Structure formats: C-alpha cells, structure tokens
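My numbering numbers the first residue of the sequence shown as -9 and each following residue consecutively. Idealized CB from N, CA, C, for every residue including glycine. All values reported here derive from a predicted model rather than from experimental measurement.
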Amino acid sequence: SITEGRRLATTRGCFNGCHGKNAEGVVMFDEPMIARIVAPNLTASVRKYSDAQIAVIVRNGVRPDGRSMLVMPAEAFTWLTDTDLGRIIAFLKSLPPSSGPGPNISPGPLGRIGLAVGKFKTVAQLMADAEPPPEAASAQAGFGRYLARTTCVQCHGTHLRGASTPDFISPDLRIVAAYSPEAFTELMRTGVALGERKLDTMGPWARQTLSQLTDTEIAALYSYLHAMP
-9 SITEGRRLAT TRGCFNGCHG KNAEGVVMFD EPMIARIVAP NLTASVRKYS
41 DAQIAVIVRN GVRPDGRSML VMPAEAFTWL TDTDLGRIIA FLKSLPPSSG
91 PGPNISPGPL GRIGLAVGKF KTVAQLMADA EPPPEAASAQ AGFGRYLART
141 TCVQCHGTHL RGASTPDFIS PDLRIVAAYS PEAFTELMRT GVALGERKLD
191 TMGPWARQTL SQLTDTEIAA LYSYLHAMP
C-alpha cells in the first residue's frame, strides 16, 4: 500500500508536485504586500496530526483548531475514498522528515484587507460555492468522474469547464471530445497536445504527475471527459 500511496500522492500533486519533489514544501507566492504562501512541508505535517485530523484538513480545509485554511484544494480531495486517502497518508508518514520553508501562510496588508472584504475566499467559502461536474453515464465513466474530481478540478474548476486567473488560464475539459483515445493517452503521459503542441503548464504537470495514472485510469478519465455535455 506504500507503493500505491506514492503513486496516488503523485497523481494528486502532493508528491513531486505542489509540495515539492519530496513533499518538503515549496514557496508558491511571495509578495510582501499581499501574502507569502507556502505549500507546507508534508513530511513534518503528517507527524503533527492524527490520521483523522489529516483527513479533515485534506477533505474540508479545516485545521484542528477549527479555522478554515486559505489555500488547500479540498474541493478535489473531499471526494477521495477512505482507501485512497489512507494509502496517501501512509506513504507520506513513511517519508523521512526533511526541513522546508515556512511559515505556511503570512498575509500582508493588502491580503488582510482582501480577506476582510471578501475579495479572497477561504477554502470553506470556495467549497460552498463549488459547482459539481456532470453525472456519468456508465460505470467506467463513473470511475473517470471520480478521477476528474480528485485530479483535474484543481486547475480546471469543480465544473471542469476551465478556470481563469490573472496569471493562468486552463481550458474547458470538454475539449477532450476532439481527442482520440490514443491522443488523450499521449497528452496524459507526455503533456503533448493535438498538433504536437507542447504545453507550458500541462506539459510539465503531465510528466511529473499524470504520467503515473494507469492505462485503466486514463481510459476511464477519457470515457467521462469525452462524453461530458
């Protein structure tokens, strides 16, 4: 289960992704007037909390003291099965402790104002506003929907129709209708899109994380996204 936990942690971006190559933590944003945001050192975090507390943090974006987190893709991880989440936690606890950057979140003056007036939402607020993706039409597509909800929504929105920020635009995943199964598999494995396009964001992300999806998982994900209305 440790080996599978590593694969699951990789495909969900916790290992060799948002939290660094070895889950040691990464500075994601650092503008003193706005905020310093750090994806925390998971090798330290998993040793501070019980499995039950970690599950609440991951699924609900709520700290053990009851405060909502400001950055955590709980809108995706809330759908992880107990088995998958348990394997991820077991893998992270098997990693040797390492030092990483901190503190995790440190709002600056403009960041605090933004939070006060509602310009920046907490994880709890984002989850309350989340729009679910369409239902699946078959068992295979149902598994694909699960994978999409726990893997793709971080970048493409909970509805999977794309998202936009000042620095980043992700496409509507209904674009998968234009892909053959073979072309979609290549996209997942290499990050190379139709027309042999090398994608700036998806390319590295696919090679680092999505390439660890199994053939069965890629087929299920394709089945769901290809038919998404």
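Would you report the Cα separation of residue i and residue j, rounded to the nearest angstrom?
| i | j | result |
| --- | --- | --- |
| threonine 71 | threonine 1 | 15 Å |
| aspartate 162 | leucine 100 | 31 Å |
| methionine 18 | alanine 168 | 33 Å |
| valine 138 | leucine 211 | It is worth fixing the name first, because residue 138 is alanine in this sequence and not valine. Cα-Cα distance, rounded: 7 Å. |
| glutamate 121 | glutamate -6 | 30 Å |
| alanine -1 | alanine 153 | 23 Å |
| cysteine 145 | tyrosine 136 | 15 Å |
| isoleucine 47 | asparagine 12 | 20 Å |
| alanine 80 | methionine 62 | 20 Å |
| tyrosine 39 | serine 84 | 14 Å |
| aspartate 119 | leucine 189 | 29 Å |
| glutamate 21 | glycine 98 | 8 Å |
| arginine 197 | serine -9 | 23 Å |
| serine 89 | asparagine 6 | 16 Å |
| leucine 60 | proline 54 | 14 Å |
| alanine 209 | isoleucine 44 | 31 Å |
| valine 182 | methionine 117 | 31 Å |
| aspartate 157 | arginine 151 | 17 Å |
| alanine 34 | glycine 185 | 43 Å |
| valine 16 | glycine 108 | 26 Å |
| proline 30 | serine 128 | 38 Å |
Between the options, which has its C-alpha nearest residue i's C-alpha?
| i | options | result |
| --- | --- | --- |
| cysteine 8 | Ile24, Pro22, Glu(-6) and Val28 | Val28 |
| methionine 192 | Leu85, Ile159 and Pro219 | Ile159 |
| proline 219 | Leu75, Pro123, Pro86 and Gly76 | Pro123 |
| isoleucine 165 | Gly132, His216 and Ala(-1) | His216 |
| arginine -4 | Lys11, Ile78 and Leu32 | Ile78 |
| isoleucine 103 | Gly185, Arg197, Met23 and Trp195 | Met23 |
| proline 194 | Thr180, Leu184 and Leu203 | Thr180 |
| phenylalanine 174 | Ala45, Leu203, Pro30 and Gly56 | Leu203 |
| aspartate 205 | Arg53, Glu172 and Asp55 | Glu172 |
| threonine 155 | Ser128, Phe110, Pro30 and Gly185 | Phe110 |
Report yes if the CB atom of residue i is closer than 8 Å to the CB atom of residue j, and no otherwise.
| i | j | result |
| --- | --- | --- |
| threonine 148 | glutamate 65 | yes |
| arginine 49 | threonine 68 | yes |
| alanine 114 | glycine 51 | yes |
| glutamine 130 | serine 201 | no |
| leucine 32 | leucine 75 | no |
| arginine 37 | proline 91 | no |
| glycine 3 | threonine 199 | yes |
Decide if residue i is buried, meaning its Cβ has at least 16 other Cβ atoms within 10 Å, or exposed.
| i | result |
| --- | --- |
| valine 143 | buried |
| glutamate 125 | exposed |
| glutamate 14 | buried |
| alanine 42 | exposed |
| leucine 177 | buried |
| threonine 141 | buried |
| glycine 134 | buried |
Could you give the C-beta distance for residue i and residue j, rounded to a whole number, given that I count them as a contact under 8 Å?
| i | j | result |
| --- | --- | --- |
| serine 58 | threonine 112 | 4 Å |
| serine 96 | arginine 187 | Going by Cβ atoms, the distance from serine 96 to arginine 187 rounds to 38 Å, so no, they are not a contact pair. |
Is the CB of residue i under 8 Å away from at least one CB in chain C?
| i | result |
| --- | --- |
| isoleucine 103 | As a matter of chain content, chain C is missing from the structure shown, which is built from one protein chain. |
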